[in-house]
Amino acid sequence: MLLILVTKESNRLMTEKILEVDNLTTSFDTEEGTVRAVNNISFSIEEGETMGIVGESGSGKSVTALSVMRLIESNGSIENGTIHYRGSNLLEKTESEIQSIRGSEISMVFQDTLDSLNPVYTIGTQINRVIRKHRDMDNKEAREETIRLLEQVGIPNAEERIDDYPHQFSGGMRQRALIAMAISCNPSVLIADEPTTALDVTIEAQIFEVLDKIQHETGMSIIVITHDLGVVAGVCDFVNVMYGGEIVEKSKTDDIFGDPQHPYTRGLLRSIPRIGKEEDRLRGIEGNVPNPAALPSGCTFHPRCPHATDECRQHDPSLQEVKRNHRAACIHIDGYKSLHKEDKEIIINDRKKGESDD
Amino acid sequence: MFYMHILIHEYVYQEGTKMGSVSPDSEADQNKSTTAQRSLLQQFWKNYKNNYLSIAGGAIILLLVLMALLAPILAPHSPYEQFETSDDSKFHPAEPGTEIILTNGDGDIVEQTTAYLGTDNVGRDILSRLLYGLRTTLVIGLSVVITSLVIGSLAGAIAGFYQDSWIDNAIMRVMDVIFPFPSIVLAIALLGVVGIGETTYSLPILGTVAVPNTAKIILVISVVYIPRFARVMRGAVVTEMEEDYIDALRTIGASDFRILLSDVIVNTVPSVVIQGSLYVGTALLASAGLSFLGLGIQPPQASLGLMLSNSRDYVYSGEWWFSVFPGLLIAITILGFNLLGDGLRDALDPRYQGEQ
Amino acid sequence: MTDKELFQVSGLKKYFDQSQGIIDRYLNDTDQVKAINGVSFAVERGETVGVVGESGCGKSTLARCLINLENPTDGEIKYKGKKFEKFDSGEMDSFRKEVQMVFQDPASSLNRRKTISQTIKAPMEIHGIYENSRDERVRELLERVGLSPDYANRYPHEFSGGQRQRVGIARALSVDPEVLILDEPVSALDVSIQAQILNLLKDLQDDLDLTFVVISHDLSVIEYMCNRVAVMYLGEFMEIANSDVLFSNPQHPYTKALLDALPQPVPELARKRKTLEGNVPSPINPPSGCVFHTRCPLATEECSESRNDPELNSIDQSDENHKVACIHVDEVTNDNLKVDSNIGNDGNYEVENFNS
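Protein chains in written order, with the numbering used here: chain A, 1 to 358; chain B, 359 to 714; chain C, 715 to 1070.
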């Protein structure tokens, strides 16, 4: 009896972190040499949590998702690291073991809804197929389950719409159908890669409402991958900010947005015009998004960073604890004590201006 | 041959429908070559030279063209001279590698030599006829493709530029009428109209115009190929017209003429050139087919198709060299053009890049 | 009509025939997409007018009508007091010079086979200006938009998206325009690049006295750029007002819904995002009465009656710029919308940090 209890207890402890990624490095062989798209990143997610990975193009956020799903194309490979799902390393699994996990334990919603659905099969057939692959159901049961899923994701008249083809659905409806497909086998982790990028804001809000509802009902964990800080602010419990294949800052959502530490995160937040705030200029980030094939030395952000010093050019900083549960990868992190005098003046001026605006 | 057409038609449709789906390269790709400044020609050469098969194709074509151009120098004899076999002094076929003799009217031996590839049924040197025949055949193949490429792509470009207008409908319906005919059947029908051999026409302004047989054949086969180029060009132009830069040009007041000539055609010509290089082979085959049927180049002129046609009666009697050598040369020529075409396509069409 | 008015649009309608089979076309059995369905407004010199709406609301078609790329189905557009149709060729030329457009997709708005310099020169060539100093002008313009003049001879593929958009802006500026029509100028760009382009546009407006018409789906971009904003839904304006009024005191339920759904990078606000139910109805068969009634939380029977399609009306005597098309406008209170810039942070992180 005691033994059973102990086993249960240890199981519970083990499943607390449902997905743990450690020191993951994924690289691709290209014409321009080896491109390290994801460089030594670590994160973990607990049951029922929503985690955000936010970054601009080329930041490695999508490759991170594909690495977790082990869907890296043939010219790429996971060089290093571990991906533990419920305690077992996904990188040590065979292809067939992975296939049984993909879709049923960890599933993914992609961005492009037109490409993700096969145009020659009905929505119902496509969801049916996934259900029958992973769950022990006959055709009729699977169909009923499909209808239930479509209703769950908020498709009206699900019984009729189940026999529609993808082109008969609007963009928002297709995204709902893809979510229905992704959750059809009750996955524990759902990875949503730019799930609403092609959609209007009102439809985007609907999609996240559906995801939120499903999360409450099933307790699954969601990883949202996006370039949109507004989306992250609204739906995520905690956030990883990626730049040049690395995580440069991670913390709870409120801390990231309320007290961002890394100069990149700060710049990114300043780049977005705020409703209701008079701004003459956006004080964003200078320069271009780096090419993953030719990343700068040292801190990958240094060419665009207003605080960069020689040290930044040589030394690639690792994530360090700034506050409790708030980590950032910047050597100038200590409250920007090393700021130049001019910078301080600009900030003070801005502050005065902000006060007078209010 | 028919199968080949099907393949090519599929390609044509792809060309029309999928060109637009070339996804705009990601930010990462865009950054790639900011460092190196590279002209498009250099880019093309870089892509092309890494494809060994297309280099081989280019080399084959170059070699064949040189052979055809230098036929008078390379050919050991005139293609019309009739040789006798040295053993019985009769005008009958000599096997490859045997001694042959040329006599004048009085029966004196003018020349004694070896027929490396044998002689044909009337004693003409196969090697010499091959070289001259290649000349005729290449001239026909290339002329057909150039004629139909120019006319077809102009028609297609205009149709695509004014998509869905009456002019588009008019042009493309005419093309649709021509398109479904098998090339040989249509060519035969058209030859039936214009007749075989040189014809003189008396025209109102130009006076009498003599149209040689070769020109007729070129024109007839060109008609067959015009719709193919028109379709490829129209498809390419239609997708090109969706690009924003066309609208940008309109908003700055550029005329249709300028947009079509200086922007649209510049961007779409590569796709018809690719198509053109692939069609040289089939055009060759069509001209050979016509000759084979006795409707193309007329004897005694040498052409590869005609040589093949002549060999028809000797297939069972054992004179294998009649058919094998011209057949091989036709095959090699077509292979060369196809390899070249594939290479051009890979190098010019971004869709195929990185797939090798 | 005052001298200040550059554009005057009244009762503008633009319908597209849904392209169908040839038979349907002759039977006149075509569906019409009502992209713009009765829109009136004016653009004054020096101001920035924004048009905001979801995809398919007709905002891009509106931009294309303004720059005379599409012919309106009904209604009229006057530029400097004269209708487009009445332009003689000289007036059309100067319109094409004075009004320029910047496109959404920087990958597609530049001809990929032309160098940056060729692209920027094209408008000058067409209008025959800067005859002897075009190269100089190109360098000047590149510098003006924040690119190195040494890039002039590069091709678009060597640039990132943001850089290409700068080139697009340089092209528009090359003929010294008075009006720029910006169709989603930043929506294809990375967030950090968007801010750079928006800043650049603002600087240019200040330096060159430009008038902007900004088309965007992004309310924050519109708010940052514009003096006056029109909210568009299914081809009609729902509300038009000065920017500060519209964002602080929105009256139309749709405007409020858009603002509610906007994902702001402030967790406190973003978590309170409200959802507008339903999808945008098909513009082929828009709802009767008020087009928004199918999704409107305030809709009553009255709203769906076709005679009740509300017109844009001033709601406040003191502010004639603020017009709303809703019969329930008095009932719309501001309770469900508070955009409070004091919630969360206001972007001045350094300050807090610096003090601590």
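Glycine included, every Cβ here is placed at the ideal spot set by N, Cα and C.
Which residues, taken in chain order from the stretch 973-987 of chain C, show a beta carbon closer than 9 Å to some beta carbon of chain A?
Within the stretch 973-987 of chain C, L973, D974, A975, L976, P977, Q978, P979, V980, P981, E982, L983, A984, R985, K986 and R987 place their CB atoms closer than 9 Å to a CB of chain A, listed in sequence order.
Use the C-beta contact count for V380 (chain B): other C-beta atoms within 10 angstroms, 16 or more gives buried, fewer gives exposed.
A caution first: V380 (chain B) carries a pLDDT of 30, below 50, which makes its placement in the model too unreliable to give a value.
Sorted by chain position, which residues of the same chain lie with C-beta nearer than 7 Å to S774 (chain C)'s C-beta, five sequence neighbours on each side aside?
The residues are D897 and I929.
Using the Cα positions of G694 (chain B) and G415 (chain B), report the straight-line distance between them to the nearest angstrom.
Whole-angstrom Cα-Cα distance: 4 Å.
Using beta-carbon positions only, say whether Q722 (chain C) and K792 (chain C) come within less than 8 Å of one another.
The answer is yes: Cβ separation under 8 Å.
Can at least three beta-carbon pairs, one atom from the stretch 79-96 of chain A and one from the stretch 170-183 of chain A, be found at a separation below 8 Å?
Touching, no, given that fewer than three Cβ pairs across the two stretches are closer than 8 Å.
Given that a residue counts as buried once 16 or more other Cβ atoms are within 10 Å of its Cβ, and exposed if not, what is K986 (chain C)?
When all chains shown are included, K986 (chain C) counts as exposed.
Residues that Y603 (chain B) contacts on chain C, provided the C-beta gap is smaller than 7 Å
Residues of chain C with a Cβ closer than 7 Å to the Cβ of Y603 (chain B) are, in chain order, S822, S823, L824 and N825.
Starting from F730 (chain C), find everything on chain B with Cβ-Cβ shorter than 8 Å and list it in chain order.
Within chain B, no C-beta atom comes less than 8 Å from the C-beta of F730 (chain C); the nearest is roughly 12 Å away.
Work out the CA separation of G676 (chain B) and Y637 (chain B) for me, nearest whole Å.
Answer to the nearest angstrom: the Cα atoms are 34 Å apart.
Thinking just about the alpha-carbon of each residue, which of A:H307, A:H326 and A:R304 is nearest to the one in F238 (chain A)?
Here the closest residue by C-alpha is A:H326.
Using the three-state DSSP reduction, which class does M220 (chain A) fall into: helix, strand or coil?
Reduced to three states, the DSSP call for M220 (chain A) is coil.
Residues of the stretch 900-928 of chain C in Cβ contact with chain A at a cutoff of 8 Å, in chain order, please.
Going along the stretch 900-928 of chain C in chain order, one finds D904, V905, S906, I907, Q908, A909, Q910, L912, N913 and K916 with a Cβ nearer than 8 Å to chain A.
Nearest chain B C-beta to A955 (chain C) closer than 8 Å, yes or no?
Under the 8 Å criterion on CB atoms, A955 (chain C) is classed as non-interfacial with respect to chain B.
Return the residue from the list B:L488, B:A433 and B:P430 that minimises the CA-CA distance to L686 (chain B).
Comparing Cα-Cα distances from L686 (chain B) to each of B:L488, B:A433 and B:P430, the minimum goes to B:L488.
Residues of chain C with CB under 8 Å from L607 (chain B), in chain order?
For L607 (chain B), the residues of chain C that pass the 8 Å Cβ criterion are A836, in the order they occur in the chain.
For chain C, find out if any of its Cβ atoms is closer than 8 Å to the Cβ of T638 (chain B); answer yes or no.
The sequence as given places Val at residue 638 (chain B); Thr does not occur at that position. Against chain C, the CB of V638 (chain B) has no partner CB under 8 Å away; the residue lies outside that interface.
Under a CB-based cut-off of 8 Å, is I610 (chain B) close to chain C?
By this cut-off, I610 (chain B) is an interface position.
Have a look at D621 (chain B) and M425 (chain B) and give me their C-alpha separation to the nearest angstrom.
D621 (chain B) and M425 (chain B): Cα-Cα distance of roughly 38 Å.
Please classify E47 (chain A): does DSSP put it in a helix, a strand, or coil?
In the structure shown, E47 (chain A) sits in coil (DSSP, three-state: anything other than H, G, I, E or B).
Closer than 8 Å, Cβ to any Cβ of chain B: which residues of the stretch 791-821 of chain C, in chain order?
Here the close residues are M806, D807, R810, K811, V813, Q814, M815, F817, Q818, D819 and A821.
Please go through the same chain and pick out, in chain order, the residues whose beta-carbon is closer than 7 Å to the beta-carbon of C940 (chain C), but skip the five residues on each side of it.
Excluding residues within five positions, the ones whose Cβ falls inside 7 Å are T762, V763, G764, V928 and S957.
E872 (chain C) versus chain A: which residues are under 7 Å apart at the beta carbon?
Simply none; closest approach about 12 Å.
Between which residues of its own chain and L702 (chain B) is the CB-CB distance below 6 Å, once the five residues before and five after are set aside?
Contacts found: I632 and S635.
Using a threshold of 8 Å, state whether the C-beta atoms of S803 (chain C) and M838 (chain C) are closer than that.
Contact flag unset, no.
Is the Cβ of N1048 (chain C) closer than 8 Å to any Cβ of chain A?
Unreliable placement is indicated for N1048 (chain C), whose pLDDT of 47 sits below 50; no coordinate value is reported for it.
I'd like to know whether the C-beta atoms of E249 (chain A) and Q261 (chain A) end up nearer to each other than 8 Å.
A contact, by the Cβ cut-off of 8 Å.
Go to Q814 (chain C), then tell me how far its beta strand (DSSP E) extends in each direction, as first and last residue.
Judged by DSSP secondary structure, Q814 (chain C) falls within the beta strand (DSSP E) whose first and last residues are V813 to V816.
Boundaries (first-last residue) of the alpha helix (DSSP H) holding H315 (chain A):
In the DSSP assignment, H315 (chain A) falls outside any alpha helix (DSSP H), carrying neither H nor E.
Bounding residues of the alpha helix (DSSP H) (the contiguous stretch that carries E279 (chain A))
Taken as a continuous stretch (DSSP letters only), E279 (chain A) belongs to no alpha helix (DSSP H), as it is neither H nor E.
The stretch 450-461 of chain B touching the stretch 517-527 of chain B, judged by at least three CB pairs closer than 8 Å
A contact is defined here as three or more CB-CB pairs under 8 Å, and the stretch 450-461 of chain B fails this definition with respect to the stretch 517-527 of chain B.
Hey, would you say V816 (chain C) sits closer than 8 Å to V943 (chain C), going by beta carbons?
Not in contact: V816 (chain C) and V943 (chain C) (Cβ atoms no closer than 8 Å).
Rounded separation between I272 (chain A) and P585 (chain B) - CA only:
Their Cα atoms are separated by approximately 53 Å.
Sufficient close CB pairs (3 or more, under 8 Å) joining the stretch 904-920 of chain C to the stretch 49-66 of chain A
Touching, yes, given that three or more Cβ pairs across the two stretches are closer than 8 Å.
In angstroms with no decimal places, state the Cα-to-Cα distance between R70 (chain A) and I191 (chain A).
Rounded to the nearest angstrom, the two C-alpha atoms are 13 Å apart.
Quick one: does N405 (chain B) have its CB under 8 Å from some CB of chain C?
Chain C places no beta carbon closer than 8 Å to that of N405 (chain B), leaving this residue out of the contacts.
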